[in-house]
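In what follows, a structure is listed as structure tokens, so that the remarks can point back to it.
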Amino acid sequence: MVPPRVLLAGGGTGGHLYPALNIAEALTQLEPSVECFFLGGKRGIEGDVLPGTGYDFRLLEVQPLFRQRPWRNWRFFASAPRVWRGLRRTFGEFEPDLVLGTGGYVAAPALAWGHRTGRRVALQEQNAKPGLATRMFAPRADQIHLGYPEAEAHLRVRSGATVHAFGNPVSPRSSSADRSRADDYDWPEGRVLLVVGGSQGARGLNRCLLADLERAASAETVSEIGTWPADLSVVWVAGPDHAAEVSARVQQLPWSDRIRVVPFIPDLGRQLDRVTLALSRSGAMLVAELCAAGRPALFVPFPAAAGGHQTANAVALRDAGAAEVREERDLAPGELWALCGEILSDSERIARMAAAAQARGRPDAAVRIAERLLDLLERTAV
């Protein structure tokens, strides 16, 4: 019997690639005979991540589609013949039974080819406001999996298709009871404020907080802020490109011994139970990891995120009582650090936010999505 085959298409950023990887892991755990193949783009992080996963993959020369600057789309159209040849070769060699799109530049071409050749098509949308590929292919999809139930209102779904809102598929290790792996980060004792902008950091968020801390340390304002909050440490995931700048400026602060600056923390989602409050961007997968761990957050959405996705994600959590939200462009001097201190000083507020985040958390989302995809594969086999 030929094993079921799933082609997973998505990438460009970790927010599109890691959901696909987590679903593939859940699929093979539930049904070891399933074969998974990844289709990504040469421009994204796929080339760095996929070689170490053990999955077969192919990277296509797909180019981004600029909706706000259409004059730059000549590369997209120029690359189309190479992309179509790559799709024809991939589908001919792998012969997938199911195509799952998780977003990014490569998802739409792969979904189009899958639909054109009569394959089952499924979507996994991470954001509260669906992306272009999801909106385009929702009317043709057999299954749609949503990270946020709010996303369904933005979609046209064909008759007979099923829509599930199991949440975003965080890594199975993120919800593991094992919290003592030797390669875990050495977290400080006491309360921890985690500052994180995603896998690559966030220059705008970093600079806003740096400015606030430098202002707080200045002679003019030091009397306003008093002492450093009791038993508080800051773990600042500044990103590989920004860590040196952030670290150098932190060393000039009177509280530098309470602030740790790191480029990144591997497997961060699995270790979030060590965090008291997160000050972060609001990419869908980071939000999902925080909710799965039941961690409250102060979100500063990335202002240039496509379609306002990060703002929509943050607002959904704010409305659920799990987070506070501040737009970067509206921040007053000192506001960000002051609000962190305000939240951290109120243990009851922290507890309420944590409970609301936990209520939105879906640590089993990857498994539940995989179960429905296996149902779809069974119907395909029949």
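Just remember that my numbering sits 23 ahead of the position in the sequence shown, which is counted from 1. By construction, the Cβ of each residue, glycine as well, lies at the ideal position given by its N, Cα and C atoms. Note that this is a predicted model, so its numbers are computed, not measured.
| message | Output needed for D120: all residues of its chain with C-beta closer than 8 Å, excluding positions within five of it in sequence on either side, in chain order. | response | P27, R28, V29, R142, R143, L400, T403, A404
| message | Quick check: what's the CA-CA separation for A188 versus G292? | response | 21 Å
| said: Using CA atoms only, rank isn't needed, just tell me which of T140, L354, C314, D369 is closest to G384. | reply: Among T140, L354, C314, D369, the Cα nearest to that of G384 belongs to C314.
| said: Assuming the contact rule is C-beta atoms closer than 8 Å, L123 and Q147 should be a hit. Round their C-beta distance to whole Å, please. | reply: 6 Å
| said: Can you tell me whether T51 is helix, strand or coil according to DSSP? | reply: helix
| request: Please work out which residues of its chain come closer than 7 Å, Cβ to Cβ, to R352, disregarding the five sequence neighbours upstream and downstream, and give them in chain order. | output: P326
| query | Which of helix, strand or coil does DSSP assign to F114? | reply | helix
| message | If the criterion is Cβ atoms closer than 8 Å, does the pair G331 and K65 meet it? | response | no
| Beta-bridge partners of C59, as assigned by DSSP | V29
| task | Would you kindly work out how many angstroms separate the C-alpha atoms of R304 and A382, rounded to a whole number? | result | Going by C-alpha positions, R304 is about 20 Å away from A382.
| message | Between the alpha carbons of E54 and N45, how many angstroms are there, rounded? | response | 14 Å
| said: G109 and R139 - do their beta-carbons sit closer together than 8 Å? | reply: Not in contact: R139 and G109 (Cβ atoms no closer than 8 Å).
| Three-state secondary structure (DSSP) at S194? | coil
| Does the region 255-263 touch the region 275-292, meaning 3 or more C-beta pairs lie closer than 8 Å? | yes
| Buried or exposed: where does G170 fall if 16 or more other Cβ atoms within 10 Å of its Cβ makes it buried? | buried
| Close Cβ partners of R202 (< 6 Å) along its chain, the five nearest in sequence each way excluded | Summary for R202: the model assigns pLDDT 49, below 50, so the residue's position carries little reliability, and this model does not support an answer.
| request: With F322 as the anchor, note down where its alpha helix (DSSP H) starts and where it stops. | output: It is not in any alpha helix (DSSP H) - F322 instead sits in the beta strand (DSSP E) that spans 320-322.
| query | Leaving out the 5 sequence neighbours to the left and right, which residues in its chain are closer than 8 Å to C363 when beta-carbon positions are compared? | reply | L216, L300, L302, L321
| field | Where L309 sits in the DSSP three-state scheme | value | helix
| message | Beta-carbon within less than 7 Å of Q419's beta-carbon, same chain only, minus the 5 sequence neighbours each way: which residues are those? | response | In the structure as shown, the chain starts at 24 and stops at 405, and residue 419 therefore has no counterpart that could be examined.
| query | With N191 and A49 assumed to form a contact (beta carbons below 8 Å), what rounded beta-carbon distance in angstroms separates them? | reply | Not really, about 13 Å apart at Cβ, beyond 8 Å.
| said: Taking its Cβ as the centre, do 16 or more other Cβ atoms sit within 10 Å of E116, making it buried, or is it exposed? | reply: exposed
| Beta-carbon proximity check, A145 vs H168, cutoff 8 Å | yes
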